Amino acid sequence: MLDWKSLPRPIVALAPMADMSDLPFCLICKEKGTPLMFREMVSSEAIVRLNPKTLNMATFDQRERPLVQQVFGSNPAVMAEAARIIEERFAPDAIDINMGCPVYNLVSNFNGASLIREPERAHAIVKAMKAAVKVPVSVKTRLGWSKDTDCLDFVKVVADAGADLISMHGRTREQGYSGTANWVRIGEARRNVPHLPFLVNGDITTVERAKLAMEQSGADGVLIGRGLLGNPWFAKRVEAYLQDGTLLPEPTWDERVATVLAHAQLQIDHYGERGLVKLRKHLPWYFKGTPAEKTLKPTLVRISHYLELKTALDQANLDNGF
Ligand SMILES: Cc1cc2nc3c(=O)[nH]c(=O)nc-3n(C[C@H](O)[C@H](O)[C@H](O)COP(=O)(O)O)c2cc1C
325 MLDWKSLPRP
335 IVALAPMADM
345 SDLPFCLICK
355 EKGTPLMFRE
365 MVSSEAIVRL
375 NPKTLNMATF
385 DQRERPLVQQ
395 VFGSNPAVMA
405 EAARIIEERF
415 APDAIDINMG
425 CPVYNLVSNF
435 NGASLIREPE
445 RAHAIVKAMK
455 AAVKVPVSVK
465 TRLGWSKDTD
475 CLDFVKVVAD
485 AGADLISMHG
495 RTREQGYSGT
505 ANWVRIGEAR
515 RNVPHLPFLV
525 NGDITTVERA
535 KLAMEQSGAD
545 GVLIGRGLLG
555 NPWFAKRVEA
565 YLQDGTLLPE
575 PTWDERVATV
585 LAHAQLQIDH
595 YGERGLVKLR
605 KHLPWYFKGT
615 PAEKTLKPTL
625 VRISHYLELK
635 TALDQANLDN
645 GF
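In the working numbering, the protein residues as written are 325 to 646.
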């Protein structure tokens with residue numbers, strides 16, 4: 325079980341990402357030194373119906389620990405029952421509530437970011453879930469719905485309901501992913517609940533930006549999403565840089581290729597052959613910024629078999645003289 329208050333600082337964690345932060349990717353991140361994982365969101369309604377696909381999404385490998393399972397939903401009783409089932413069946417180290425997702429399908433049902441506009445409902449959800457489980461219950465949210473100051477009161481609401489940690493993405497729901505993350509505003513929200521552990525999130529793509537996000541927000545740690553895609557080495561580099569300014573080297577081409585193949589094998593082990601189709605959206609991220617990026621991408625997004633992937637990477641080796 326996680327104790328957010330006593331975890332060594334700075335906390336460095338993989339953010340929950342639907343279809344991305346699943347078992348194979350979390351294992352890869354773990355192997356490359358990511359200290360803590362937030363798993364992709366699962367539907368509370370589907371969990372209480374014991375939907376096999378959703379239950380499978382919440383299954384994890386013990387090597388992934390410490391691990392936080394995120395849940396979304398709008399009904400406090402259903403959220404509490406889903407948390408209870410997740411704790412009983414899978415025993416993650418903590419449970420997180422999605423109060424930040426901007427996607428229409430979620431917000432139109434009072435899920436995700438729409439909970440920022442429904443503070444009473446948000447309060448009831450945290451309270452009910454806290455009463456249902458022993459593990460810590462945290463909240464991941466945004467600056468606001470349309471105003472980037474909504475968070476200043478909202479953090480007090482979820483803290484009052486008993487949340488053990490808040491992670492905040494420095495954009496509003498209206499912004500989606502446009503503009504830049506406002507880490508200073510996250511700092512203002514953080515100061516309204518000074519006793520509560522806080523993670524800063526959004527646009528942390530370099531070690532220098534991680535340091536700036538920490539300085540501007542005064543957070544206890546960073547939650548990194550896209551910065552870790554295709555770049556599972558990044559969390560360890562961030563951790564070292566935040567600790568004492570150490571700059572760990574970037575991965576070599578050979579390390580990249582070996583990691584992609586290891587990720588592909590884990591996909592097959594976990595999902596069967598269709599695992600490589602599911603891997604397609606990860607693949608271009610691994611080669612972003614490398615000389616092979618442009619030539620490899622069209623092949624990578626059509627990969628269906630391990631051998632095809634291996635052949636494409638061998639060819640890139642030859643073409644680029646690695
Ligand atoms: C593909 C994708 C899927 C995401 N899925 C989730 C999710 O399941 N739950 C959640 O709270 N946030 C989700 N997010 C938001 C991220 O956790 C994070 O807040 C956002 O990407 C900003 O951080 P970043 O700039 O480090 O990526 C997702 C983001 C992306 C790009």
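Just so you know, even glycine gets a beta-carbon here, dropped at the ideal spot from N, CA and C. Small disclaimer: the values here were computed from a predicted structure and weren't measured.
Taking the alpha-carbon positions, what's the residue i to residue j distance?
| i | j | result |
| --- | --- | --- |
| W507 | V546 | 11 Å |
| L552 | L620 | 20 Å |
| V457 | L633 | 43 Å |
| V461 | K618 | 42 Å |
| Y595 | V431 | 29 Å |
| I371 | D643 | 48 Å |
| R533 | L566 | 10 Å |
| L523 | E388 | 20 Å |
| P376 | L536 | 42 Å |
| T496 | S502 | 10 Å |
| A437 | R445 | 12 Å |
| T570 | G357 | 15 Å |
| N433 | T473 | 23 Å |
| V482 | R514 | 12 Å |
| D593 | T383 | 14 Å |
| I419 | A455 | 13 Å |
| V625 | A415 | 35 Å |
| E369 | G397 | 7 Å |
| S330 | I449 | 25 Å |
| R373 | N435 | 18 Å |
Using the DSSP secondary-structure output, state which residues sit across from residue i in a beta bridge.
| i | result |
| --- | --- |
| K464 | N422, S491 |
| L391 | M361 |
| I335 | G545 |
| S367 | F396 |
| T496 | G468 |
| N525 | H493, L547 |
For residue i and residue j, which I take to be in contact (beta-carbon distance under 8 Å), what is that distance rounded to the nearest angstrom?
| i | j | result |
| --- | --- | --- |
| A337 | M361 | 7 Å |
| E661 | V459 | Absent from the model: residue 661. The displayed extent of the chain is 325 to 646, so no value can be given. |
| G542 | G511 | 5 Å |
| V463 | I421 | 5 Å |
| T504 | D477 | With 8 Å as the limit, T504 and D477 do not qualify as a contact, their Cβ atoms being about 23 Å apart. |
| L600 | S628 | 6 Å |
| D488 | W328 | 5 Å |
| I440 | W469 | 5 Å |
| P556 | T583 | 7 Å |
| P359 | A559 | 7 Å |
| L572 | R580 | Actually they do not touch by this definition, with Cβ atoms about 15 Å apart. |
By the 10 Å Cβ neighbour count, where 16 or more other Cβ atoms means buried, how is residue i classified, buried or exposed?
| i | result |
| --- | --- |
| M325 | exposed |
| H610 | Note that residue 610 corresponds to Tyr in the displayed sequence, not to His. That one is buried. |
| H493 | buried |
| K605 | exposed |
| T576 | exposed |
| H519 | exposed |
| L637 | buried |
| R413 | exposed |
| P622 | exposed |
| P332 | exposed |
| V402 | buried |
| N429 | exposed |
| Q393 | buried |
| S367 | buried |
| P340 | buried |
| R466 | buried |
Flag residue i as yes when its Cβ comes closer than 6 Å to any non-hydrogen atom of ligand 2, and as no otherwise.
| i | result |
| --- | --- |
| H493 | Absent from the structure shown: ligand 2. Ligands present: ligand 1. |
Counting only C-beta atoms, is residue i closer than 7 Å to chain D at any point?
| i | result |
| --- | --- |
| P390 | The question asks about chain D, but that chain is absent: this structure has only one protein chain. |
- prompt: For ligand 1, which residues have a Cβ under 6 Å from at least one heavy atom, in chain order?
  reply: A339, P340, M341, A342, M344, E364, M365, Q394, N422, G424, C425, K464, H493, N525, G526, D527, I528, I548, G549, R550, G551
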